[in-house]
Amino acid sequence: MVTREELYRLIWAMPMTKVSAQLGISYGKLVQICSALGVPRPAQGHWTRLELGKADPVPPLPAAAEGQPTTWTGDGMPLPKAPPAARAPRKKAIKGNKTAPAMHPHLRGTKAQFLNSRPARDDGFLRPYKRALPDLRTSSAALDRGLLLANALYNAFEEAGHHVVLSGLNSAARRLQIDPREAPIKGQRYAPYPQPWRPDRPTLVQTEGVSIGLIVLEMTEHVKMRYTNNGFVRDSPELTARLERSHGSGWTTFEDVPSGRLRIVAYAADSGVDWSQSWQESEDQTAPLSPETIVKAVLAQKRQLLEMAEEAARRAELRHRARLEEQEKCRRREDERNIAKSYEESMATLQRAIQRWSRVMEIEQFFSQAEQRAATLPSKAQTNVLERVRLARNLIGHQDPLDLLREWKAPAEIYKPLYADSADIVRQRTRREL
3 MVTREELYRL IWAMPMTKVS AQLGISYGKL VQICSALGVP RPAQGHWTRL ELGKADPVPP
63 LPAAAEGQPT TWTGDGMPLP KAPPAARAPR KKAIKGNKTA PAMHPHLRGT KAQFLNSRPA
123 RDDGFLRPYK RALPDLRTSS AALDRGLLLA NALYNAFEEA GHHVVLSGLN SAARRLQIDP
183 REAPIKGQRY APYPQPWRPD RPTLVQTEGV SIGLIVLEMT EHVKMRYTNN GFVRDSPELT
243 ARLERSHGSG WTTFEDVPSG RLRIVAYAAD SGVDWSQSWQ ESEDQTAPLS PETIVKAVLA
303 QKRQLLEMAE EAARRAELRH RARLEEQEKC RRREDERNIA KSYEESMATL QRAIQRWSRV
363 MEIEQFFSQA EQRAATLPSK AQTNVLERVR LARNLIGHQD PLDLLREWKA PAEIYKPLYA
423 DSADIVRQRT RREL
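Numbering-wise, the working numbering puts 424 at position 422 of the sequence shown, and it's gapless, one number per residue.
What follows is the structure, given as structure tokens:
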């Protein structure tokens with residue numbers, strides 16, 4: 003026999019599978035017994051959460067309802083010994099803040115994808131085969147630092163309550179064209195060929211109706227390169243001296259190569275908003291870039307960006323209306339041209355019909371007068387003339403003047419106007435020209 007209280011202590015002290023084994027019954031039977039006695043059971047996953055220190059609170063045993071059984075008799079089966087009291091949740095040792103920050107979902111596992119790159123060009127930057135990646139561009143040597151900086155930046159935005167996402171495939175968000183040179187040469191425009199690698203979709207952070215793009219990139223520096231051993235390497239006094247001792251100097255050139263220093267760029271992803279801001283490392287910089295400071299600086303621009311976005315939307319609406327008005331004017335002009343063309347075609351057809359009508363009437367009048375004159379002739383001459391008239395009619399054939407009118411088409415039958423007022427304008431113009 004098992005009382006409600008004993009069963010309650012058992013199922014909250016060990017998993018129900020063990021309780022059912024000790025009672026010699028099936029798991030399903032134990033569930034039925036708990037339901038019959040009104041004993042609350044642990045939820046699924048309770049023991050796993052207990053091991054992790056996140057145990058669910060144990061509900062109290064409710065009082066038995068009227069008429070509800072309070073014991074279960076197991077046909078003389080001995081009761082199992084109650085296990086020791088439930089273990090307290092295991093407390094995790096408190097460690098110092100030495101654990102690495104959690105990797106952002108968009109960066110988790112991307113290192114291998116960045117390293118799975120096409121052969122690097124002379125500029126030394128990675129060119130991953132996969133393009134659905136966060137907006138990060140570095141050399142292989144600076145990839146780890148770039149990932150850590152991007153991760154800290156993304157997590158800082160997430161902690162501030164703004165999600166970092168990759169834009170949708172059909173998103174209108176733009177990606178800003180960035181000059182990676184650390185110190186651009188005055189008067190020298192940045193126009194690389196071929197174009198550097200870029201992701202398919204911008205990396206965005208949503209801030210109250212304004213999308214802000216985020217780019218983490220390694221900057222380039224303009225350095226002297228020396229050709230040696232079938233390749234270019236950075237020039238240095240030691241390299242020059244070594245080549246001179248070996249009687250070979252190698253020719254030199256200046257190239258933009260990865261500097262190892264990083265830059266963060268935030269920009270308005272709306273093409274109508276001209277705003278961007280960047281933060282970059284420098285050679286003499288002692289402290290690293292602070293993602294928290296960058297996030298605060300970006301979020302401080304929310305109101306200004308929202309106003310700029312609203313103004314851009316207003317200008318876009320004005321441009322859209324002007325474009326619609328211009329399209330309407332073009333349609334009206336095209337409609338008037340088609341109407342005028344239909345009037346010209348109809349008038350020309352009508353004039354030809356009138357001319358043919360006149361010709362047919364002349365021929366018919368000729369034959370009618372010939373038949374009238376033949377009636378005044380003697381019988382033999384009359385027969386001869388009427389025979390000649392018959393032969394002439396057969397030669398020309400039957401011509402009904404009404405057929406010409408039936409074949410003629412009015413302007414509206416040739417082209418159906420799109421605008422009634424355009425048809426009126428063309429009709430009045432045509433009548434004035436007649």
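Ideal Cβ placement from N, Cα and C applies to all residues, glycine included. Model, not experiment: these values are computed from the prediction.
Nonlocal neighbours in the same chain, by C-beta distance under 7 Å from residue i, ignoring five residues either side
| i | result |
| --- | --- |
| SER273 | ARG176 |
| ASP337 | PRO419, LEU420, TYR421, SER424 |
| VAL259 | ASP125, GLY126, THR222, GLU223, VAL225 |
Per-residue DSSP class, three states only, for residue i
| i | result |
| --- | --- |
| VAL259 | strand |
| GLY30 | helix |
| LEU109 | coil |
| SER292 | coil |
| ALA268 | strand |
| SER238 | coil |
| GLY148 | helix |
| SER22 | helix |
| LEU326 | helix |
| GLU220 | strand |
| LEU388 | helix |
| VAL207 | strand |
| ARG431 | helix |
| VAL362 | helix |
| ASP58 | coil |
| SER381 | helix |
| ARG200 | coil |
| SER169 | coil |
| VAL300 | helix |
heavy atom of the ligand FMN below 8 Å from residue i C-beta
| i | result |
| --- | --- |
| ASP426 | Here there are no bound small molecules, and the ligand FMN is not part of this structure. |
Same chain, Cβ closer than 6 Å to residue i, neighbours up to 5 away in sequence not counted
| i | result |
| --- | --- |
| PRO167 | At residue 167 the sequence reads Val, which differs from the Pro that was named. So the qualifying residues of the chain are LEU206. |
| GLY262 | ALA144 |
| ILE35 | TRP74 |
| ALA376 | GLN384, VAL387, LEU388 |
Local Cβ density within 10 Å of residue i, reported as buried at 16 or more and exposed below that
| i | result |
| --- | --- |
| GLU441 | What is shown of the chain runs 3 to 436, which leaves residue 441 out entirely. |
| ASP146 | exposed |
| SER381 | exposed |
| HIS322 | exposed |
| TRP14 | buried |
| GLY215 | buried |
| LEU379 | exposed |
| HIS400 | exposed |
| ALA243 | exposed |
| THR140 | buried |
| TYR417 | buried |
| GLY121 | Looking at the sequence shown, residue 121 is not Gly but Pro. The residue in question, PRO121, is exposed, as its Cβ has fewer than 16 Cβ neighbours within 10 Å. |
| VAL235 | exposed |
| ASP202 | exposed |
| HIS165 | exposed |
| PRO80 | Its pLDDT being 41, under 50, PRO80 is placed unreliably in this model, and the coordinates cannot settle the point. |
| ILE180 | buried |
DSSP bridge partner residues for residue i (one or two, in chain order)
| i | result |
| --- | --- |
| TRP49 | In DSSP, TRP49 forms no bridge with anything. |
| LYS226 | PHE256 |
| PRO130 | SER119 |
| LEU9 | DSSP, once it has assigned bridges, lists no residue as partnering LEU9. |
| TRP74 | VAL4 |
| GLY233 | THR230 |
| GLN282 | ARG265 |
| LEU138 | VAL218 |
| ARG183 | THR222 |
Rounded Cβ spacing between residue i and residue j (contact assumed at less than 8 Å)
| i | j | result |
| --- | --- | --- |
| PHE1 | ARG395 | Residue 1 lies beyond the residue range present for the chain, which begins at 3 and ends at 436; the question has no answer from this structure. |
| TRP281 | ALA270 | At roughly 16 Å, the Cβ-Cβ gap does not stay under 8 Å, so TRP281 and ALA270 are not in contact. |
| ARG228 | THR254 | 5 Å |
Spatial neighbours of residue i in its chain, beta-carbon cut-off 8 Å, leaving aside the 5 residues before and after
| i | result |
| --- | --- |
| ILE427 | GLU338 |
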